[in-house]
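Numbering that gives the first Met the number 0 applies: residue 0 is where the sequence shown begins, and numbers increase by one. Note that the Cβ used here is the ideal one computed from N, Cα and C, for glycine as well. Computed from a predicted structure; not experimentally measured. Single-structure report; data block below.
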Amino acid sequence: MKQAAIDVLNVFMYYSYDKVGNTNTIDDSITREAIDGMIQNFGRIPYQLLTEPHPQRQTREQATFQIDIQGRPLNIFQNLRHIKVYFIEIISANNQILNSIIFISIPKNQIRSFIQQGTPDTLVTININGIVGNNGWHSYDKSSDNLFTFEQDLTLQSEKNRLTTIVPFSSSINITSRLFALSHDGKFIFSGGHWDWSLCIYSLTKSKTISSIIHHTDIITCLALDSTGYILVTGSRDTTCVIWYLSLNDNRHHININDQDLTSIITPTMILNGHTAEITCVCVSSELDLVVSGSLDGTCNIYTIEHGIYVRTLRPTDANNDPVVNLKLSDERHILVQTTNEDTHLFLYSINGYLI
Numbered sequence: 000m001k002q003a004a005i006d007v008l009n010v011f012m013y014y015s016y017d018k019v020g021n022t023n024t025i026d027d028s029i030t031r032e033a034i035d036g037m038i039q040n041f042g043r044i045p046y047q048l049l050t051e052p053h054p055q056r057q058t059r060e061q062a063t064f065q066i067d068i069q070g071r072p073l074n075i076f077q078n079l080r081h082i083k084v085y086f087i088e089i090i091s092a093n094n095q096i097l098n099s100i101i102f103i104s105i106p107k108n109q110i111r112s113f114i115q116q117g118t119p120d121t122l123v124t125i126n127i128n129g130i131v132g133n134n135g136w137h138s139y140d141k142s143s144d145n146l147f148t149f150e151q152d153l154t155l156q157s158e159k160n161r162l163t164t165i166v167p168f169s170s171s172i173n174i175t176s177r178l179f180a181l182s183h184d185g186k187f188i189f190s191g192g193h194w195d196w197s198l199c200i201y202s203l204t205k206s207k208t209i210s211s212i213i214h215h216t217d218i219i220t221c222l223a224l225d226s227t228g229y230i231l232v233t234g235s236r237d238t239t240c241v242i243w244y245l246s247l248n249d250n251r252h253h254i255n256i257n258d259q260d261l262t263s264i265i266t267p268t269m270i271l272n273g274h275t276a277e278i279t280c281v282c283v284s285s286e287l288d289l290v291v292s293g294s295l296d297g298t299c300n301i302y303t304i305e306h307g308i309y310v311r312t313l314r315p316t317d318a319n320n321d322p323v324v325n326l327k328l329s330d331e332r333h334i335l336v337q338t339t340n341e342d343t344h345l346f347l348y349s350i351n352g353y354l355i
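Structure follows, in structure tokens:
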């Protein structure tokens with residue numbers, strides 16, 4: 000019996016189980032007090048952990064419906080066979096196709112009043128010349144052939160009315176989506192890559208650049224906004240990264256926005272050193288308290304957000320020193336690194352620096 004109990008991992012004394020045995024029936028007072036003491040110190044194991052039956056397994060349709068009503072996005076990788084590609088050309092009034100779009104983003108918090116229910120969501124686009132489009136779209140529309148609707152920003156129709164960032168981009172930098180970030184409320188665009196080394200803030204509600212802040216000593220080459228919308232990280236050719244704290248949604252600062260004074264709204268809090276070459280990409284996760292930066296020399300540095308402490312350096316391609324062109328931090332505590340030279344390579348690391 001003892002060996003059988005060990006085989007099923009039932010190695011606790013019988014009196015440690017709930018509703019098994021009654022210490023009052025034990026005549027020996029010393030044994031009874033010892034057992035009572037162990038029960039009081041260690042408690043009793045319930046003889047049954049779950050009293051309710053396991054819920055019935057849902058069908059795919061039921062699971063999809065449940066996800067829809069909870070507002071969680073569907074995983075497209077579960078339906079790869081049913082994916083269809085649609086496209087829309089953003090054209091001017093004379094049917095001329097505008098320059099290529101390099102940045103497209105949908106605000107995470109599209110809060111609207113009851114009167115505005117049913118109006119299109121915001122979809123912000125920026126082309127290679129810095130022309131901003133504040134478009135509208137519905138992600139799903141059964142009445143449309145494309146299954147979605149797209150309402151082009153009317154200012155894109157004519158060259159005279161187009162909205163553009165005031166500070167020109169540097170001619171020495173490749174304009175990519177890594178130079179832009181959209182605030183979670185969809186009211187502000189943060190941009191780098193400008194010739195004067197500045198971080199620019201463009202107001203979509205005012206249709207103009209409302210601030211240009213210089214904190215780096217060279218051109219900003221990349222930037223990233225965290226999931227909370229309050230932490231912005233910029234990387235530069237000066238080999239440093241800067242952590243900025245944003246309070247754009249703070250009601251106390253609305254007057255400052257109107258007065259074009261954002262010194263108390265966006266604040267540089269920390270400079271991250273450690274690279275010896277140009278920063279090419281950054282990513283940030285406030286949940287993990289981590290900033291990861293990639294460099295032209297093929298290295299990735301990891302820092303903490305709160306104190307800006309250097310943690311470690313990753314070297315995906317020691318021999319080739321291929322530039323790091325993209326970085327992603329996942330909720331599963333993984334770091335995805337993309338390097339590109341003649342070939343493109345992907346490397347997956349744990350946040351402890353181990354190659355997976």
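Indicate the three-state DSSP secondary structure (helix, strand or coil) for Ile219 in the structure shown.
Here Ile219 sits in strand by DSSP.
Is the stretch 202-212 close to the stretch 224-235, with three or more CB pairs under 8 Å?
They do not touch, by the three-pair rule.
Going by the beta-carbon positions, is the gap between Ser138 and Asp152 smaller than 9 Å?
With respect to the 9 Å criterion, Ser138 and Asp152 are not classified as neighbours on the basis of their beta carbons.
Using C-beta distances below 7 Å, list every residue in its chain close to Tyr353, excluding the 5 sequence neighbours before and after it, in chain order.
There are no such residues.
If you draw a straight line from the alpha carbon of Ser211 to that of Ile127, how long is it in whole angstroms?
Cα to Cα, the separation comes out at about 20 Å.
Boundaries of the alpha helix (DSSP H) in which Asn40 is found, first to last residue:
Annotation: the continuous alpha helix (DSSP H) that includes Asn40 extends over Ser28 to Phe41.
Who pairs with Val166 in a beta bridge, going by DSSP?
Beta-bridge analysis with DSSP links Val166 to no other residue.
Nearest residue (CA-CA) to Asp330, options Val310, His344, Ser284 and Thr303
It is Ser284.
Measuring only the C-alpha atoms, how far is His289 from Val336?
First, the amino acid is wrong: residue 289 is Leu here, not His. Approximately 15 Å between the Cα atoms of the pair.
Can you say whether Pro322 is buried or exposed, counting buried as having 16 or more other CB atoms within 10 angstroms of its CB?
The residue in question, Pro322, is buried, as its Cβ has 16 or more Cβ neighbours within 10 Å.
By DSSP, does His253 sit in helix, in strand, or in coil?
In this prediction, His253 scores a pLDDT of 42, lower than 50, which makes its location untrustworthy; the coordinate-derived value is nonetheless stated afterwards. The DSSP-derived three-state label of His253 is helix.
For Glu60, which three-state DSSP category applies?
Of the three classes helix, strand and coil, the one that applies to Glu60 here is helix, per DSSP.
With C-beta atoms as the reference, is Ala180 less than 9 Å away from Ile188?
Cβ distance < 9 Å, so Ala180 and Ile188 count as in contact.
Could you check how far apart the C-beta atoms of Thr134 and Thr148 are, in whole angstroms? I think they sit under 8 Å.
It is worth fixing the name first, because residue 134 is Asn in this sequence and not Thr. Separation of the CB atoms of Asn134 and Thr148 is rounded to 11 Å, and the pair is thereby denied contact status at 8 Å.
With a CB to CB cut of under 8 Å and the five nearest residues on each side skipped, what residues in its chain are close to Asn257?
Low per-residue confidence applies at Asn257: pLDDT is 46, beneath 50, and the placement is therefore not dependable enough to give any value.
By DSSP, does His81 sit in helix, in strand, or in coil?
Looking at His81 - three-state DSSP - the assignment turns out to be helix.
Helix, strand or coil, according to DSSP, for Asp17 in the structure here?
In the displayed model, Asp17 falls within coil according to three-state DSSP, outside both helix and strand.
In chain order, what residues of the same chain have a beta carbon less than 6 Å from the beta carbon of Gly132, not counting five sequence neighbours either side?
The beta carbon of Gly132 sits closer than 6 Å to the beta carbons of Thr124, Asp152 and Leu155 from its chain, once the five residues preceding and following it are set aside; these are given in chain order.
Could you have a look at Ser176 and say whether DSSP puts it in helix, strand or coil?
Under the three-state reduction of DSSP, Ser176 is assigned to helix.
Three-state class that DSSP yields for Phe187 in the structure shown:
DSSP, reduced to helix, strand and coil, places Phe187 within a strand of the structure shown.
Report buried or exposed for Gly36, applying the criterion of at least 16 other Cβ atoms within 10 angstroms of its Cβ.
By the C-beta density criterion, Gly36 is exposed, having fewer than 16 other C-beta atoms within 10 angstroms.
Classify Thr204 as helix, strand or coil using the three-state DSSP reduction.
Assignment of Thr204 by DSSP, reduced to helix, strand and coil, places it in the coil class.
From the DSSP output, which residues share a beta bridge with His344?
Bridge partners of His344 according to DSSP: Thr338.
Starting from the C-beta of Gln259, find all residues in its chain whose C-beta is less than 8 Å away, skip the five residues before and the five after it, and write them out in chain order.
Note that Gln259 scores a pLDDT of 46, beneath 50, so its modelled location is shaky and nothing firm can be said.
When the Cα atoms are used, what is the spatial distance from Ala33 to Asn21?
As the crow flies, the alpha-carbon of Ala33 is around 13 Å from that of Asn21.
Ends of the beta strand (DSSP E) at Phe149?
Here the beta strand (DSSP E) through Phe149 covers Thr148 to Glu150.
Assigned exposure category for Val84 - 16 Cβ within 10 Å defines buried
Val84 is exposed by the Cβ-count criterion.
Inter-residue Cα distance where the pair is Ser28 and Ala62:
The straight-line gap from Cα to Cα measures roughly 58 Å.
So, for Asn277: in the same chain, excluding its five sequence neighbours on each side, which residues have a beta-carbon less than 7 Å away from its beta-carbon?
Checking the sequence shown, residue 277 turns out to be Glu, not Asn. For Glu277, where only same-chain residues beyond five positions count, the Cβ hits under 7 Å are Thr220, Arg236, Thr238, Ser294 and Leu295.
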